[in-house]
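Taken in order, these protein sequences are the chains called Z and H. Each residue of the first sequence is one higher than the last, beginning at 1 in the working numbering. Each residue of the second sequence is one higher than the last, beginning at 261 in the working numbering. Backbone N, C-alpha and C fix where the C-beta goes; we use that ideal spot for every residue, glycine too. One structure below.
Number of protein chains: 2
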Amino acid sequence: MKIATWNVNSIRTRLEQVVDWLKQNPVDVLCLQETKVIDHDFPRSPFENLGYHSYISGQKAYNGVALISQQQLTDVTTGFTPILPDIEPIWDEQKRVITGVIDGVRIVNLYVPNGSAIASEKYEYKLRWLTVLKEYLRSLLLLQPSICICGDFNIALEDKDIHEKVKAENHIMASPAERQALRDVLELGFADAFRKFTTEGGHFSWWDYRAASFRRNQGWRIDHHYLTPVLYEQAKSCIIDVSPRKLTQPSDHTPVIVEI
Amino acid sequence: MKIATWNVNSIRTRLEQVVDWLKQNPVDVLCLQETKVIDHDFPRSPFENLGYHSYISGQKAYNGVALISQQQLTDVTTGFTPILPDIEPIWDEQKRVITGVIDGVRIVNLYVPNGSAIASEKYEYKLRWLTVLKEYLRSLLLLQPSICICGDFNIALEDKDIHEKVKAENHIMASPAERQALRDVLELGFADAFRKFTTEGGHFSWWDYRAASFRRNQGWRIDHHYLTPVLYEQAKSCIIDVSPRKLTQPSDHTPVIVEI
DNA sequence: GTCGGGTTAG
DNA sequence: CTAACCCGAC
Numbered sequence: 001m002k003i004a005t006w007n008v009n010s011i012r013t014r015l016e017q018v019v020d021w022l023k024q025n026p027v028d029v030l031c032l033q034e035t036k037v038i039d040h041d042f043p044r045s046p047f048e049n050l051g052y053h054s055y056i057s058g059q060k061a062y063n064g065v066a067l068i069s070q071q072q073l074t075d076v077t078t079g080f081t082p083i084l085p086d087i088e089p090i091w092d093e094q095k096r097v098i099t100g101v102i103d104g105v106r107i108v109n110l111y112v113p114n115g116s117a118i119a120s121e122k123y124e125y126k127l128r129w130l131t132v133l134k135e136y137l138r139s140l141l142l143l144q145p146s147i148c149i150c151g152d153f154n155i156a157l158e159d160k161d162i163h164e165k166v167k168a169e170n171h172i173m174a175s176p177a178e179r180q181a182l183r184d185v186l187e188l189g190f191a192d193a194f195r196k197f198t199t200e201g202g203h204f205s206w207w208d209y210r211a212a213s214f215r216r217n218q219g220w221r222i223d224h225h226y227l228t229p230v231l232y233e234q235a236k237s238c239i240i241d242v243s244p245r246k247l248t249q250p251s252d253h254t255p256v257i258v259e260i
Numbered sequence: 261m262k263i264a265t266w267n268v269n270s271i272r273t274r275l276e277q278v279v280d281w282l283k284q285n286p287v288d289v290l291c292l293q294e295t296k297v298i299d300h301d302f303p304r305s306p307f308e309n310l311g312y313h314s315y316i317s318g319q320k321a322y323n324g325v326a327l328i329s330q331q332q333l334t335d336v337t338t339g340f341t342p343i344l345p346d347i348e349p350i351w352d353e354q355k356r357v358i359t360g361v362i363d364g365v366r367i368v369n370l371y372v373p374n375g376s377a378i379a380s381e382k383y384e385y386k387l388r389w390l391t392v393l394k395e396y397l398r399s400l401l402l403l404q405p406s407i408c409i410c411g412d413f414n415i416a417l418e419d420k421d422i423h424e425k426v427k428a429e430n431h432i433m434a435s436p437a438e439r440q441a442l443r444d445v446l447e448l449g450f451a452d453a454f455r456k457f458t459t460e461g462g463h464f465s466w467w468d469y470r471a472a473s474f475r476r477n478q479g480w481r482i483d484h485h486y487l488t489p490v491l492y493e494q495a496k497s498c499i500i501d502v503s504p505r506k507l508t509q510p511s512d513h514t515p516v517i518v519e520i
């Protein structure tokens, strides 16, 4: 089973690139982030034409996640609230969470808040959001032992996941508090699929549009698949496909694909 | 003497097309409308490189007119106020008027308000703007008997200046009040140069970007040259050059050229 | 800096 | 449909 994650930075702007990629790279489930479109306007038919079902949770202009799946998914829910009925509504106002089950494996597709700048209000929101995520996953684990969380985490856990030019310590997406918050989540029993196969640094999934950072390969690895133990043992590969980032008018992120 | 008028719908976006056209079609004066740029950012040097002087009156994002001339012009003024010092400032807040004299001929380059929709506030502004224009031209005629007014009038005076698909009566740019307001202006002693040479309909200078209207030739003739009697008698040709409208990323208007 | 969406205008 | 601006995001 292949599960891909791709922050497309607007599905409407990137539609042709995503459809082309999916034709060349058939996967069981494609997890999209930053679709930036309300559900009514999500372009379902291009995916239908390729034989894929769409499960979407979008909003106007910002955020938005989708699961594009060859098989139908079961137990699809959006946001934290269906699993954590008692949380405050602010955690689901932004559309960042969608999940569904395929062949006994729960896929959790996340768009973790970026956090803007250290010590900002958005940064605090990001850290607290990750504590909500942990409770959400704890609940899901009670229902299902096999879980693949993937998406844009907006966190690079290790310095080797960041190009050399930036000192991680006080940088958003790499601050100690962010890394600790993510480690706290993973402590539930998740392991990084990419690191099962590749230990060296210099592999990135996101390059800022600014400062020709892709040309200089000054990127970050912030798009991840985290697997529960049995899935992790079964994982056969985890690959970053850099090619879509080379196209004209690319997303700033590129797809990452795990095979289990 | 050749005088061309062209609503370029942003001189910065259309610069290459305008320069190319001018190379192929040298004219004495090119009257531009909808330059959509403040004077500081107007691209003067590409025209200088071709041997043309620029006289400009622009604003941010909207409107804006310019005279591009091989010879230097004299008596250049912008807006109504230099000629009508007592009018209210609202008539010159939008940059729609520039004039200058070449070889004893006054060129008046206009971008008449579009009017948006019949009975709207903008429609009323358009009608009143045309009464101000009449007083402006009346004053200019006292100084100079030879005048060529040209530009985007946003009015089609006759039904044959409009493609068949639209009933003129209640359409903006063709309503009785707009036509009457323009006829009131022309009554000062101006005649339509184009109609000296061509009497049949189906000749247009503007095609809406929407609804593939150029492909279907569903256009309007709203860009005009109006001449005082002696100039009208001298006029040798008046031609609409459709070719720029066929390019990719064209203006919605195409140039009209009078030779006197 | 660079992008995407939304808005306003035509 | 097209262009410019504004805004928010990164």
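- Going by C-alpha positions, W266(H) is about 46 Å away from L22(Z).
- V365(H) is classed as buried because its beta carbon has at least 16 other beta carbons within 10 Å across all chains shown.
- Taking a C-beta distance under 9 Å as the contact criterion, G360(H) and L333(H) qualify as a contact pair.
- Residue environment analysis places A235(Z) among the buried positions, since at least 16 neighbouring C-beta atoms fall within 10 angstroms of its C-beta.
- The residues V8, N9 and R14, in chain order, have a CB closer than 6 Å to that of S251(Z) in the same chain once the five nearest residues on each side in sequence are set aside.
- Taking the C-beta atoms as reference points, L390(H) is found no nearer than 9 Å to V368(H).
- If you draw a 10 Å sphere on the C-beta of D444(H), you find fewer than 16 other C-beta atoms in it, and that means exposed.
- T337(H) is positioned such that its CB atom lies no closer than 9 Å to that of I362(H).
- Where T199(Z) is concerned, there is no enclosing beta strand (DSSP E), because DSSP gives it neither an H nor an E.
- Less than 9 Å separates the beta-carbon of S473(H) from that of H423(H).
- Contact annotation: the region 316-336 of chain H touches the region 289-304 of chain H, with at least three C-beta pairs closer than 8 Å.
- From the listed residues A471(H), D280(H), F450(H) and H300(H), the smallest Cα separation to F307(H) is found for D280(H).
- In the structure shown, T391(H) falls within a helical segment according to DSSP collapsed to helix, strand and coil.
- Contiguous beta strand (DSSP E) elements confined to the region 95-150 of chain Z occur at 97-102 and 105-111, taking only those with 3 or more residues.
- In this structure, S205(Z) sits away from G189(Z), with a CB-CB distance that is not shorter than 9 Å.
- By the neighbour-count criterion, in which 16 or more other beta carbons inside 10 Å mark a residue as buried, N49(Z) falls on the exposed side.
- Taking each of Y125(Z), A119(Z) and F194(Z) in turn and checking the Cα distance to I149(Z), the smallest one comes out for F194(Z).
- Inter-residue distance for W91(Z) and F80(Z) is about 7 Å (C-alpha atoms, whole angstroms).
- Annotation for N49(Z): the continuous alpha helix (DSSP H) segment containing it runs S45 to N49.
- Between the alpha carbons of V518(H) and Y52(Z) lies a distance of about 59 Å.
- Looking at the backbone, the Cα of L393(H) and that of R12(Z) are separated by about 46 Å.
- For I422(H), the pairing in a beta bridge is given by DSSP as W480(H).
- Under the 10 Å beta carbon count, H253(Z) is surrounded by 16 or more other beta carbons and is classified as buried.
- Residue environment: N154(Z) is assigned as buried (16 or more neighbouring CB atoms within 10 Å of its CB, all protein chains considered).
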